[in-house]
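Notes follow the structure.
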Amino acid sequence: MGSINEKDFIDELVFCLKEEDVVKAKALLQFASDANVDAALQKTALLELAKGPDRVVFQLLEFLTKIEISDQEVRDGLYDLILDKAYGNTDLVIEYITNNEKATRIQFIRAAGDLYLSDTANALAGVITSESDPEILSAAITALGIFRRDDSLDAFGTLAAHPDLEVRKSAIFAVAAHGSKEAVDKLLEFLGDDEKTNKLTVEALSDMQDIYALDKLTRLLSSSVTNVRDTAIDQ
415 MGSINEKDFI DELVFCLKEE DVVKAKALLQ FASDANVDAA LQKTALLELA
465 KGPDRVVFQL LEFLTKIEIS DQEVRDGLYD LILDKAYGNT DLVIEYITNN
515 EKATRIQFIR AAGDLYLSDT ANALAGVITS ESDPEILSAA ITALGIFRRD
565 DSLDAFGTLA AHPDLEVRKS AIFAVAAHGS KEAVDKLLEF LGDDEKTNKL
615 TVEALSDMQD IYALDKLTRL LSSSVTNVRD TAIDQ
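Under the working numbering, think of the first position of the sequence shown as 415, with each following residue one higher.
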């Protein structure tokens, strides 16, 4: 853990939060993010952040999303804290979704979906029509799909033909998440010459567990397209 004194570190962080000294708090957190620092101390730091004022903590969470954190439990704890602070702060979530660095945007996009912050839907729709980065696109598609908006189906349908496989997958399963007859019909439109898209589409139909979807899936058992038929059989 190096020469860092845990008690002094936490006391200093608590003081920074109380005084709303964002600059110094960022410096402390930057130091604590080092791989040589005990993960237990990093977790304690997150616990103290949870007690801080939202206007300060949001800035520090934004900062932490840009730092490489090696411990998975610490990363999970950071995301849990983002979820805790994001709830009830939709305007700030929208700001971080649309105007920030990639890592921060992805974390807050995920949070918007996981918390079902429906007021972020328009911002997410804007992301999927304007963004080119596949990772951001995939995250935004998945989050927007959770809201099951009718006006998103066509956009997802377009993205189901995206050159990036993960974007295609996100779009296909976002359509399936809608759960409607229209969604099933939209999925069937994706079946064609691309084997990977066909496989994902059949898997998405199977996941829907809807009578109409299952009926269509059953019909695919006799498809003349080999990988469509084989994937349907596997389901």
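Positions of the beta carbon are idealized from the N, C-alpha and C atoms, including for glycine.
Note that the structure is predicted; figures quoted are calculated from it, not measured.
First and last residue of the uninterrupted alpha helix (DSSP H) at residue i
i: A553; result: P548 to I560
i: Q623; result: Here Q623 belongs to no alpha helix (DSSP H), and DSSP marks it neither H nor E.
i: R519; result: K516 to D528
i: T512; result: T504 to T512
i: G540; result: A535 to S544
i: D468; result: D468 to L478
i: E603; result: K595 to E603
Per-residue burial, residue i [other beta carbons within 10 Å of its own, 16 or more giving buried]
i: E476; result: buried
i: V451; result: buried
i: T518; result: buried
i: F522; result: buried
i: P467; result: exposed
i: T534; result: buried
i: G527; result: buried
i: S532; result: exposed
Spatial distance of residue i from residue j (CA atoms)
i: S566; j: K432; result: 43 Å
i: K613; j: A557; result: 22 Å
i: V541; j: D422; result: 43 Å
i: M415; j: I560; result: Unreliable placement is indicated for M415, whose pLDDT of 42 sits below 50; no coordinate value is reported for it.
i: D599; j: G571; result: 11 Å
i: V428; j: D578; result: 44 Å
i: N503; j: A597; result: 32 Å
i: G491; j: T611; result: 35 Å
i: S594; j: R633; result: 18 Å
i: K630; j: I508; result: 38 Å
i: L550; j: E515; result: Inspection of the sequence shows that residue 550 is occupied by Ile rather than by Leu. Using only the alpha carbons, I get a separation of about 10 Å.
i: I511; j: R469; result: 17 Å
i: I666; j: E545; result: This structure gives no information on residue 666, because the portion of the chain shown stretches from 415 to 649.
i: A446; j: S552; result: 31 Å
i: S484; j: A588; result: 30 Å
i: T458; j: I424; result: 8 Å
i: D547; j: E580; result: 11 Å
Whole-number beta carbon distance between residue j and residue i, since they are thought to touch under 8 Å
i: Q456; j: V436; result: Contact doesn't hold; Cβ gap of about 19 Å is too wide.
i: L478; j: L443; result: 6 Å
i: L407; j: I586; result: Here the chain has residues from 415 to 649 only, and residue 407 is not among them.
i: L506; j: F472; result: 6 Å
i: A591; j: R582; result: Not confirmed; about 15 Å, so no contact.
i: A525; j: A500; result: 5 Å
i: K440; j: L474; result: 7 Å
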